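Chains as they are written, first to last, in the working numbering: chain A, 1 to 449; chain B, 1 to 449. Notes follow the structure.
Structure, rendered in C-alpha cells:
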C-alpha cells in the first residue's frame, strides 16, 4: 500500500535531514510523484522545506507547490527569496500561481510579481475571487481559427507543445477572441488532414461567465461529463479554461463543507490539524450558542409545565427520548433533502411531492416508534395511561419532525439562503420545543392533569 | 438559466404527448443534450418513454439510457422489446451497458445478451461487483506496442477512430496483454513521427486491480490528477480503464452517502423521490431505534437520580440543554474527524495529535458554554449553587464530548469499520448518558443532595 510507503519514506527523510544530508533527502523526495512530495513537505518545518528547495530546480519546486494545501504553499512561499519564488511561480500553472500570490501579503506578492518573467496573465487572474470560475481557470494556451485545416492545426499544436492540462479540448475563437466552438483533440487527430476546423468543431459550446460560482461550474462539468469548461467575459471573449482536476477538488471541498455543517460547525478553510485551536473554537462556538438558545427554549417549555412534572416526575424520564427521536427524525429528513437539492434530485418546485413523500414516511416511522415507546414505557412504569401518553406523543413528534425537516430546506432555498447552513439549527429549534409542547398537551389530555 | 428552460421543455413535451404528437415530442427531446434528455425521460411514465424511443435511433436511445439513473434505466429497459434493447445496448458504453444488464432479472438479461451483436466484452464486465474498479471500467479500445513509431500509432488511431471516452491516454501492452506504459495523446501528436512508443511512454503507470474498491480508485485519480486509470488483473494484464467522468460520479455518490449517514439514515440507493416510502422508512427506522435505546439509557440515568429530581425539580429544566450541548459538541468533532480521515487530512496514526488538538478546543468551548450557562441559569432561577452546578457540568460534558468525538472515529477506523456508519450513534450513546451522569454527580456534590 502506498500509504505505508509514504510513512516509511518520511522516516528516512527525517533521518537524512537530522544528519544534515540534504542531497540524500532531496533525492528521496524526488523519487515520488508530486502529490506525495507535497504530503511529505507538509510534514516538515519551514527551514527543512527551504533547504530541500535549494536542491530542486524551479519546475520541480513548482510541482510541489501546486500540490500543497493553499495555506501551506503560501507559508512556504513567504520563506523563499523573492527572486527564487518568482522563478518557481514562472513554472507553475497560472491558476495555481495566482492562488499562491493571492494568499501572500500585498507587498510580498508585488515583490514576487516584479521578479517574474511574464506576470501579466497571473495579474489578470488575480482579479477573480477564489470561489468563482474565474478563480479556477487557467488562460487558454492554444486557440484555433475556423478557417484552418486539420493539418495546419496539428502543425500549430506541435509548434506550441502546450501543457498537458490544456490540450484535450481545443477552443476556436474569432479575431476578437470570441469563443466560436470546440474541437476534441481526438477528432482533430483522426480527421482527414484537409478538413476545416469549422467543419470539425462543435459550435454549441457550454461555457460559464468568469463570475459564476465555482460549485455551479463544477456541477455543470459533472453533469455533462466535460473534461474542460471555457470561461468567457460578458462579451463572449474566451478568458480561460477550467479543467476537470480543479473540479474534482471543488466537489470534494464542497462536500467537506456540507459535512462539517451537518456536524454543526462552520467549515474550516484549511486541513484540520493545520487549523489552530482558537480558529476551530470560533468555527464551532456560534452554532453551540444558537443550539444553546434552542435548548433553553425547550427548558422553558418544561418550566411552563412545572406543576405537571411535579405531579408525575416520571414524565421527565421520557424527555430525552422524545427530544432525541424528534431531532433524529428531523435530521434524517433534512440531510436527505439538502443533499438531493445540492445534486439536483429534488428541485424547488417539488415541495408538494416531497412533503407527501415525507408525510407517509413519517407516519410509518411514527407508528413504529410509538409501538417501541409503548413497550419501553410500560416496562419502566406499569402505567398504561403514561405509556399511551408517550406513545401518542412520539407519533405526533415524528410526523411533525419529518414535515418540518422536509419543508424547511426547500423554504430556505427559496429565500436564496444556503439550506446546508440554516436548516439544521432552525429545524432543531422548531422540533425540540414544539415536540415537548405536544408531549405535555397530550399528557394533560390523557392523564387529566 | 438552463433549469428554467428544462421545466418549460417538460411542459411542452407533456402537451405534445397528451396530443399524441409523438414526432414533435421526440424532436423536442432531441434538441437537448443527453443529460437533459435523461432528466426529461425520468419525469415521464413508461408508456411515453417507449413511444419516444420508437422515434429515436439506437445510438440516441443509448445516450439517454447512459445518462439516466441506474434504476430508471433498468425499468425502461424492461419495457423494451429484447431485440430493440439489444440494438441499444450494442451502442452503449460497455460499462453502462453492463450496469443496465446487471439490474435486470437474469432471464431478461440473458435474452438481451442473446440478441446483442458482440456480447462477449459485456459478459466479462458483468462479473465485477458494481462498487469495484472492475465494475466501473470499460475495456480499452486501443492498445499500442512499444516498438511502434509515433506515425504508425497515429495511423492506427485514425483507423480505429475510437470513442472519445478512451482516447486521451493510450496504454501500451506486450504480446501477453500486460500493461507496460502509458502515452498521452497530446505527447503522441506533438512527437516527431519516427519516435518509438517505447521512448514516448511513461513506464510508471499507476493502476488498480479489478477488485479494488471504487472509492479508493476515485481518490487515487483525484490525488494524482489522472483523467483515466488502468485496471489490471493479478498478472498485470490490462483489463479496462476507469475514466474521470465515472470518478466524479463516484465521489458525488460517496459524499451523498456520508451526508445521509450524518443525518442518521442508511444511504438511499436511488434518488430520493424515486425511492418508495417503505424503503425510505426501512433505511431510517434502524437508526431511530438504536438512538431510541440510547435515549432510554439517558432516561435510566434520570431514574437513578429520581430523588434528587424530586427534591429540586428545576434540575430537570437543564436536561435538554446539557444533553443537547454535549451531543452537538460531539457531533461537531466527529464530523470533522470523519471527513478528515476520508480525504486523508488525518491518518490513523494521528490519534494523539488529534486528541491534544480537540482537548484544547474542548476546554475553550467548554469555558465559553459554562459562562453562557451560568448567566442563563441564574436568570431562570436565582440560585447560585444551581447555576454553578449547571455551569461546571457543561464544562465537563463539552470536554468529554470532544474527547469521545475525536477518538471514537479513529478507533472505529482502526477496527476496520466505516467511521461514517458507526461513530455517530456510539458517540450519542456515550455522551448523552454519561453527560447526565456527570450532571447529577456534580449536583450531588455542589447542592449536597
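Virtual Cβ for every residue (Gly too), placed ideally from N, Cα, C. Note that the coordinates shown come from a computational prediction; the quantities given were computed from them, not determined experimentally.
Checklist entry - With which residues is residue 228 of chain A paired in a DSSP beta bridge? => result Residue 228 of chain A is bridged to A/243.
Checklist entry - Nearest-angstrom Cα distance between residue 397 of chain B and residue 328 of chain B? => result When the Cα atoms are used, residue 397 of chain B and residue 328 of chain B turn out to be separated by approximately 11 Å.
Item to check | Integer Cβ distance of residue 88 of chain A from residue 119 of chain A, believed to fall under 8 Å | outcome: Separation of the CB atoms of residue 88 of chain A and residue 119 of chain A is rounded to 13 Å, and the pair is thereby denied contact status at 8 Å.
Next on the checklist: Using a 10 Å radius around the Cβ and a threshold of 16 neighbouring Cβ atoms, would you call residue 382 of chain A buried or exposed?
Outcome noted: Classification for residue 382 of chain A: exposed.
Next on the checklist: For residue 315 of chain A, which residues in the same chain have their Cβ closer than 7 Å to its Cβ, ignoring the five residues on either side in sequence?
Outcome noted: Cβ within range, chain order: 308, 309 and 443.
Item to check | residue 291 of chain A versus residue 305 of chain B: straight-line alpha-carbon distance, rounded | outcome: Each residue's Cα considered, the two are about 26 Å apart.
Checklist entry - Rounded to whole angstroms, how far is the Cβ of residue 173 of chain A from the Cβ of residue 238 of chain A, which I believe are closer than 8 Å? => result Between the beta-carbon of residue 173 of chain A and that of residue 238 of chain A there is about 5 Å, and that keeps the pair under the 8 Å contact cut.
Next on the checklist: Quick check on residue 435 of chain A - is its C-beta less than 8 Å from some C-beta in chain B?
Outcome noted: Not a single CB atom of chain B sits nearer than 8 Å to the CB of residue 435 of chain A.
Checklist entry - When DSSP labels each residue in this structure, what does residue 128 of chain B get in the three-state scheme? => result Per DSSP, reduced to three states, the secondary structure at residue 128 of chain B is coil, with no helix or strand assignment.
Next on the checklist: Quick check on residue 310 of chain B - is its C-beta less than 8 Å from some C-beta in chain A?
Outcome noted: Closer than 8 Å to some Cβ of chain A, the Cβ of residue 310 of chain B qualifies, so yes.
Checklist entry - Name the DSSP bridge partner or partners of residue 143 of chain B? => result Looking at the DSSP assignment, residue 143 of chain B forms a beta bridge with B/171.
Item to check | Contacts that residue 287 of chain A makes with chain B (C-beta to C-beta distance below 9 Å) | outcome: Residues of chain B whose Cβ lies closer than 9 Å to the Cβ of residue 287 of chain A are, in chain order, 328 and 332.
Checklist entry - Residues in its own chain within less than 6 Å of residue 178 of chain B by CB, not counting five upstream and five downstream? => result Contacts found: 236 and 237.
Checklist entry - Between A/247, A/152, A/192 and A/80, which lies nearest to residue 159 of chain B when the distance is taken from Cα to Cα? => result Cα-wise, what sits closest to residue 159 of chain B is A/192.
Checklist entry - Whole-angstrom Cβ separation of residue 321 of chain B and residue 299 of chain A, contact assumed at under 8 Å? => result Beta-carbon to beta-carbon, residue 321 of chain B and residue 299 of chain A are separated by about 6 Å, close enough to satisfy the 8 Å threshold.
Next on the checklist: Cutting at 6 Å between CB atoms, please list the residues of its own chain near residue 410 of chain B, excluding the five before and the five after it.
Outcome noted: Same-chain partners within the cutoff: 351.
Checklist entry - Can you list the residues of chain B that residue 31 of chain A reaches, using a CB-CB cut of under 8 Å? => result Near residue 31 of chain A there are no residues of chain B at all, since even the closest Cβ is about 11 Å away, more than 8 Å.
Next on the checklist: Rounding to the nearest angstrom, what Cα-Cα distance links residue 23 of chain A and residue 130 of chain A in this structure?
Outcome noted: Distance from the CA of residue 23 of chain A to the CA of residue 130 of chain A, rounded to the nearest whole angstrom, comes to 36 Å.
Next on the checklist: Let's see if you can read the secondary structure: which residues bound the beta strand (DSSP E) around residue 179 of chain B?
Outcome noted: 179-184 is the extent of the beta strand (DSSP E) around residue 179 of chain B.
Checklist entry - Taking the Cβ atom as the reference point for each residue, do residue 25 of chain A and residue 6 of chain A lie within a distance shorter than 8 Å? => result No, these two residues do not count as a Cβ contact at 8 Å.
Next on the checklist: Here's the rule: buried if 16 or more other CB atoms are within 10 angstroms of the residue's CB, otherwise exposed. What is residue 188 of chain B?
Outcome noted: Only buried fits residue 188 of chain B, as 16 or more other CB atoms lie within 10 angstroms of its CB.
Checklist entry - DSSP on residue 213 of chain A, reduced to helix/strand/coil? => result Strand.
Checklist entry - If you check the beta carbons only, do residue 139 of chain A and residue 94 of chain A fall under 8 Å apart? => result Yes.
Item to check | Cutoff 6 Å; reference residue 228 of chain A; Cβ partners in own chain excluding five residues on either side | outcome: Contacts found: 169, 241 and 243.
Item to check | Cβ of residue 369 of chain A within 8 Å of any chain B Cβ | outcome: At least one chain B Cβ lies under 8 Å of residue 369 of chain A.
Checklist entry - Which residue spans inside the segment 379-443 of chain A form an unbroken alpha helix (DSSP H) run of at least 4? => result Whole alpha helix (DSSP H) segments, 4+ residues: 384-414.
Item to check | Simplified DSSP state of residue 275 of chain B, which is helix, strand or coil | outcome: Three-state result, residue 275 of chain B: coil.
Next on the checklist: If the criterion is Cβ atoms closer than 8 Å, does the pair residue 72 of chain B and residue 273 of chain A meet it?
Outcome noted: Contact: no.
Next on the checklist: Does any residue of chain B have a CB that is nearer than 8 Å to the CB of residue 75 of chain A?
Outcome noted: The beta-carbon of residue 75 of chain A is placed no less than 8 Å from the nearest beta-carbon of chain B.
Checklist entry - Mind pulling the alpha helix (DSSP H) runs of 4 or more residues that sit fully within the segment 283-337 of chain B? => result 306-311 and 314-317, all fully within the segment 283-337 of chain B.
Checklist entry - Is the CB of residue 447 of chain B under 8 Å away from at least one CB in chain A? => result Residue contact with chain A for residue 447 of chain B: absent (no Cβ-Cβ distance below 8 Å to any residue of chain A).
Item to check | Residue environment, residue 417 of chain B, which counts as buried when at least 16 other CB atoms sit within 10 Å | outcome: A residue is called buried when at least 16 other Cβ atoms come within 10 angstroms of its Cβ; residue 417 of chain B does not meet this threshold and is exposed.
Item to check | Distance between residue 284 of chain A and residue 278 of chain A (C-alpha atoms, nearest Å) | outcome: Each residue's alpha carbon lies about 10 Å from the other.
Checklist entry - Who are the Cβ neighbours of residue 96 of chain A in its own chain at under 6 Å, not counting the five residues just before and after it? => result For residue 96 of chain A, same chain residues with a beta-carbon under 6 Å away, outside a window of 5 residues either side, are 66 in chain order.
Item to check | Contacts of residue 361 of chain B in chain A (Cβ-Cβ under 7 Å) | outcome: Residues of chain A passing the Cβ test: 277, 280 and 281.
Next on the checklist: Strictly under 8 Å for the Cβ-Cβ distance: is residue 317 of chain A near chain B by that measure?
Outcome noted: Yes, because at least one Cβ of chain B sits closer than 8 Å to the Cβ of residue 317 of chain A.
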